[in-house]
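S.K.: One structure is given below, represented as structure tokens, and several questions about it will come after.
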Amino acid sequence: MKKITHPIYSDYPEQPYISPKRDLKEWEERPEKFPYKKVEKRQMIKTEEGLFPGDIVMLWRIHFGNFTNDSMIPEYFEYRYGVNSDESIERLIKNGFVELGNAADTVDLLNMTILKRILKTEGLPIGGKKDELVARTLEIPKERLEELIELRRYKITKKGSEILEKYDDIIQRHGPKM
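Quick look at the structure:
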């Protein structure tokens, strides 16, 4: 896919990501309708590790342990940080800051309905509290569990945690809701 560029970013070190779904005419003529009018130049300056500030924010989101391959990704990654969220995740994985967990790593994120459906499919008892259902689900052979569960949790690595510590100023500017 061809990268969309815009003249207002001509003096930036890197061109911010602009979604092909963005109505450029509307964005130019009525910027007040968009959450962030223009990506700040500082958001397009890579760290020495080759990451954009938006990648660091993505890493911060992942470190909470509930970010999956099915998570809804906020539009601010495009409008505020100028990054394509899919490319950001790929960059974090490629550089060893994040990894995609397996089915067993993700079982605790499943709701009761899904856990019961999996257990029923496998002919196992479906009664009990969530932690009991999770434990019972984890008894299913690993290979079978991989077939039954498509959801995967992204996990931050030790290297990723070190990056978060190093660039805490980026997270503080983002405005953590703690």
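Each residue of the sequence shown is one higher than the last, beginning at 10 in the numbering used here. Just so it is clear, CB atoms sit at the ideal spot from N, CA and C, and this is done for glycine as well.
1. Going by the DSSP bridge assignment, what does I165 pair with across the sheet?
2. Please go through the same chain and pick out, in chain order, the residues whose beta-carbon is closer than 7 Å to the beta-carbon of A113, but skip the five residues on each side of it.
3. Measuring CB to CB, does E131 end up less than 9 Å from I149?
4. Rounded to whole angstroms, what's the CA-CA distance from L173 to T166? Just pull it up for me.
5. So what's T77 in DSSP terms, helix, strand or just coil?
6. Whole-angstrom Cβ separation of I65 and I180, contact assumed at under 8 Å?
7. Could you tell me if M187 is buried or exposed, where buried requires 16 or more neighbouring beta carbons within 10 angstroms of its beta carbon?
8. Under DSSP, the alpha helix (DSSP H) around I71 begins and ends at which residues?
9. Rank L160, L33 and G105 by C-alpha distance to the C-alpha of E171 and give the top, closest one.
10. Assuming T146 is part of the alpha helix (DSSP H), what are its boundary residues?
11. Look up Y188 in the DSSP assignment and say whether it is helix, strand or coil.
12. Can you tell me the Cα-Cα spacing of A144 and N120, whole angstroms?
13. Kindly examine the ligand FAD and report whether one of its heavy atoms sits closer than 8 Å to the Cβ of I27.
14. With 16 other CB atoms within 10 Å as the buried threshold, where does L33 fall?
15. State whether the stretch 51 to 63 contacts the stretch 16 to 35, with contact taken as three or more CB pairs (one from each stretch) at a distance under 8 Å.
16. Out of T14, K30, S28 and V107, which has the shortest C-alpha to C-alpha gap to G74?
17. Pull up the distance between the alpha-carbon of I27 and that of E141, whole angstroms please.
M.R.: Short version:
1. For this step, residue 165 is matched to residue 156 along the sequence shown. DSSP output for I165 lists V107 as bridge partner(s).
2. As a first step, residue 113 is located in the sequence shown; it is residue number 104 there, counting from the start. Here A113 has L147, K151 and L154 as same chain residues with Cβ atoms under 7 Å from its own Cβ, once five neighbours each way along the sequence are excluded.
3. Residue numbering aside, residue 131 sits at position 122 when the sequence shown is read from its first letter. Residue numbering aside, residue 149 sits at position 140 when the sequence shown is read from its first letter. Contact: yes.
4. The count along the sequence shown starts at 1 and reaches residue 173 at position 164. The count along the sequence shown starts at 1 and reaches residue 166 at position 157. Spanning the two alpha carbons is a distance of roughly 11 Å.
5. Indexing the sequence shown from 1 puts residue 77 at position 68. Shown here, T77 sits in a strand according to DSSP, grouped into three states.
6. Numbered from 1 along the sequence shown, position 56 holds the residue referred to as residue 65. Numbered from 1 along the sequence shown, position 171 holds the residue referred to as residue 180. Contact holds; Cβ gap of about 7 Å.
7. Sequence index remark: in the sequence shown, residue 187 carries index 178 (1-based). Note that M187 has pLDDT 49, beneath the 50 cutoff, so the model's placement of it is unreliable and no number is given.
8. Position 62 of the sequence shown holds residue 71. Counting along the chain, the alpha helix (DSSP H) containing I71 begins and ends at P62 to I71.
9. Locating residue 171 in the sequence shown gives position 162, counting from the first residue. The residue from L160, L33 and G105 with its alpha-carbon nearest to that of E171 is G105.
10. Position 137 of the sequence shown holds residue 146. K139 to T146 is the extent of the alpha helix (DSSP H) around T146.
11. What the structure shows of the chain is the stretch from 10 to 187, and residue 188 is not part of that stretch, so it cannot be assessed.
12. Translated into positions along the sequence shown, residue 144 becomes position 135. Translated into positions along the sequence shown, residue 120 becomes position 111. C-alpha separation (whole angstroms): 13 Å.
13. Judged by which ligands are present, the structure shown has none, so any question about the ligand FAD falls away.
14. The count along the sequence shown starts at 1 and reaches residue 33 at position 24. Exposed, because fewer than 16 other Cβ atoms sit within 10 Å of the Cβ of L33.
15. A contact exists between the stretch 51 to 63 and the stretch 16 to 35.
16. If you number the sequence shown from 1, residue 74 lands on position 65. Nearest option by C-alpha distance: V107.
17. The sequence position of residue 27 within the sequence shown is 18, counting from 1. The sequence position of residue 141 within the sequence shown is 132, counting from 1. Cα to Cα, I27 sits roughly 45 Å from E141.
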